[in-house]
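Remarks on the structure that follows.
There are 2 protein chains.
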Amino acid sequence: MTQDAIERSTFGFRPLYMQVRDVMMSRLIDGIWKPGTIIPSEIDLAREMDVSQGTVRKALDSMTAENLLVRRQGRGTFVAEMEESNILFQFFRLESDATSGSKNFPESQVVSVSSRNANEFEMSSLKAEVGEKIWHVERRRLLDGQAVVVESIFAKESSFPALGDTAPMPNNLYRLYSETYGKTIAKADEKLKAINANANDAKHLNCEQGTALLLIERIGFGLNGEPLELRLSRCLTANFHYRNTLR
Amino acid sequence: MTQDAIERSTFGFRPLYMQVRDVMMSRLIDGIWKPGTIIPSEIDLAREMDVSQGTVRKALDSMTAENLLVRRQGRGTFVAEMEESNILFQFFRLESDATSGSKNFPESQVVSVSSRNANEFEMSSLKAEVGEKIWHVERRRLLDGQAVVVESIFAKESSFPALGDTAPMPNNLYRLYSETYGKTIAKADEKLKAINANANDAKHLNCEQGTALLLIERIGFGLNGEPLELRLSRCLTANFHYRNTLR
DNA sequence: GAGTGGTCTAGACCACGGT
DNA sequence: CCGTGGTCTAGACCACTCC
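Just so you know, the protein sequences line up as chains A and B, in that order.
Read in order, the letters of the first sequence correspond to residues 0 to 246 in numbering that gives the first Met the number 0.
Read in order, the letters of the second sequence correspond to residues 0 to 246 in numbering that gives the first Met the number 0.
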């Protein structure tokens, strides 16, 4: 970044470290810095952008706080990966009621993969156009060997071409999005409700119709804020719960 | 803080800004700095503790990130309060499905207040001794005029003496804990499940028995990490949902 | 204008991981 | 030993609020 590129008018004031952050964000979005790889050291970045090391540090810290980067003292700064171990605490919040239960990544069984025109709800959730094609993946997820979740996943074909041809469909879809399509889920908004199991739920989860289920409606957003995936998870919480921490 | 008070051995190394933070945390815990009041400026704190302003700033920033302090440019740094407007985004996550619905603080109707010996679950949740007396408050909460939540609240008498004599029982209990007892809820862990409504739920929530409800089991912790309150909320989510954001 | 928090810099030294 | 991120300092200037 040259001095000329730095805007400093009171009118559209944006702190220097935010401008540095913007540059680094665009490198993530454009795939110049790929998940799992190391990025240049603070000193190199400071030299390159003609800014002090402390300013680069502040930008790096803000991105680390959002789990976009991982810093390791003595080694360097790395782009965060969609690893099971990371994702387990970040995006997968179901865990066993048993205190002894170590957290495992859920096994997935794909029920169906199809494509059709977006309906109203999908259009508004994914910012899709009228008549736009949408992938629909249905799957069942098992935890500790028990069928626990029935899941419907929706994503635009334009975002993930040929997604439906992926075989086998991997367990960890977020990693597929990131590694194959260069689209990283950076944030997700969820709405939780309690619902009564229907016939399909009862069949897949091996429970009675009417059993209370936890419905999680999640929209996953990319690094640039674009909605990428809509996911409706129907969870049997007899032996499991959704954990959350409030501060 | 004098130079002598600073421990710097490699063995039990603790960064200076964390030591500064510890001092400031103890002032919150001891009630020397009360919610809503202003605390000394960065410069004054730095002088008093004999460290640089930047070190104080780092300690203040970490506490601001945890919603313990609020910083206002040009005015000063304040101790966070348990205000409705704050608490709505921090600790109350139920909101109307209607997009137009502005968020309101729920109205509460107390059903009963009693005291009895702690059972196993309450003992482990609240770190209570065998036979220790526990307050039990039952209440119903209304949102937009609809009965939405049936709530059981448990807290140790030793933590909140004469809590049961409070009349009227206020709508915002966390503020009562903070203002009357000097015990601020700084963090809460939640476990969410879906359950089927029982006869009591059906009566209070005006729904059928068996209707799916969202059960929220929350433990609220004080500034020093001590568990202060156990709360079991049974929520009718036909027209409402629990919102969450994952990063 | 005085005082607060917010940004930015330059430089020093420490802790950690690998060579 | 070197290079990395982590801590700490001192000082400058900017943006905001209130008097």
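Beta carbons are placed, not taken as given, at the ideal position from N, Cα and C, and that holds for glycine.
Pick helix, strand or coil for Leu67(B), following the three-state DSSP scheme.
Assigned with DSSP and collapsed to three states, Leu67(B) falls in coil, not helix or strand.
To the nearest angstrom, report how far apart Ala161(B) and Glu80(A) are at their CA atoms.
Just so you know, the alpha carbons of Ala161(B) and Glu80(A) end up roughly 52 angstroms apart.
Is there a C-beta anywhere in chain A that falls below 8 angstroms from the one on Phe12(B)?
Contact of Phe12(B) with chain A is not assigned, every C-beta pair being separated by 8 angstroms or more.
Can you give me the C-alpha to C-alpha distance between Met17(A) and Ala58(A), rounded to a whole angstrom?
Rounded to the nearest whole angstrom, the C-alpha separation of Met17(A) and Ala58(A) is 6 angstroms.
Which residues of chain B have a Cβ atom closer than 9 angstroms to the Cβ of Phe153(A), listed in chain order?
Correct list: empty, because the minimum Cβ distance to chain B is about 18 angstroms.
Let me make sure I understand the geometry here. Which of Glu121(A), Lys202(A) and Ala97(A) has the alpha-carbon closest to that of Lys190(B)?
Comparing Cα-Cα distances from Lys190(B) to each of Glu121(A), Lys202(A) and Ala97(A), the minimum goes to Ala97(A).
Please go through the same chain and pick out, in chain order, the residues whose beta-carbon is closer than 6 angstroms to the beta-carbon of Ile218(B), but skip the five residues on each side of it.
Within the same chain, Ile218(B) has close Cβ partners Ser124, Asp188, Pro226 and Leu229.
Does any C-beta atom of chain A lie closer than 8 angstroms to the C-beta of Leu231(B)?
Not closer than 8 angstroms to any Cβ of chain A, the Cβ of Leu231(B) fails to qualify, so no.
In whole angstroms, give me the CA-to-CA distance for Thr9(B) and Leu15(B).
Unreliable placement is indicated for Thr9(B), whose pLDDT of 43 sits below 50; the coordinate value is still reported in the next sentence. C-alpha separation (whole angstroms): 13 angstroms.
Please report the Cβ distance between Ser111(A) and Glu137(A), rounded to the nearest whole angstrom; I am assuming they are in contact, meaning their Cβ atoms lie under 8 angstroms.
With a Cβ gap of about 5 angstroms, Ser111(A) and Glu137(A) count as contacting.
Beta-carbon separation of Lys182(A) and Gly224(A) under 8 angstroms?
No. Outside cutoff.
Find out if the Cβ-Cβ distance for the pair Val55(B), Leu68(B) is shorter than 8 angstroms.
No, these two residues do not count as a Cβ contact at 8 angstroms.
With the cut-off set at 8 angstroms, would you say Ser95(B) and Arg140(B) are in Cβ contact?
No, the pair does not count as a contact, with Cβ atoms beyond the cut-off.
Leu141(B) CB to nearest chain A CB: under 8 angstroms?
So, not an interface residue.
Environment of Ala64(B) [buried if 16+ CB atoms lie within 10 Å]:
Per the 10 Å Cβ criterion, exposed.
Member of Gly35(A), Asn195(A), Cys206(A) and Ser151(A) whose CA lies at the smallest distance from the CA of Arg70(A):
That would be Gly35(A), whose Cα lies nearest to the Cα of Arg70(A).
If you draw a straight line from the alpha carbon of Thr142(B) to that of Phe88(B), how long is it in whole angstroms?
A small fix is needed here, since residue 142(B) is Leu in this sequence, not Thr. Between Leu142(B) and Phe88(B), the C-alpha separation is close to 15 angstroms.
Buried or exposed by the 16-neighbour rule on C-beta atoms within 10 Å, applied to Lys192(B)
The residue in question, Lys192(B), is buried, as its Cβ has 16 or more Cβ neighbours within 10 Å.
Span of the alpha helix (DSSP H) holding Glu83(B)?
Where Glu83(B) is concerned, the enclosing alpha helix (DSSP H) stretches over Glu83 to Gln89.
Consider the Cβ of Met0(B): report whether some Cβ of chain A lies at a distance smaller than 8 angstroms.
Residue placement at Met0(B) is poorly supported in this model, since its pLDDT is 33, which falls under 50; the coordinates are not used for a value here.
For Asn171(A), which of helix, strand or coil comes out of DSSP?
Judged by DSSP in its simplified three-state form, Asn171(A) adopts coil rather than helix or strand.
Inter-residue Cα distance where the pair is Leu214(B) and Ala211(A):
Using only the alpha carbons, I get a separation of about 10 angstroms.
With 16 as the cutoff for other CB atoms within 10 Å, does Pro105(A) come out buried or exposed?
Pro105(A) should be labelled buried.
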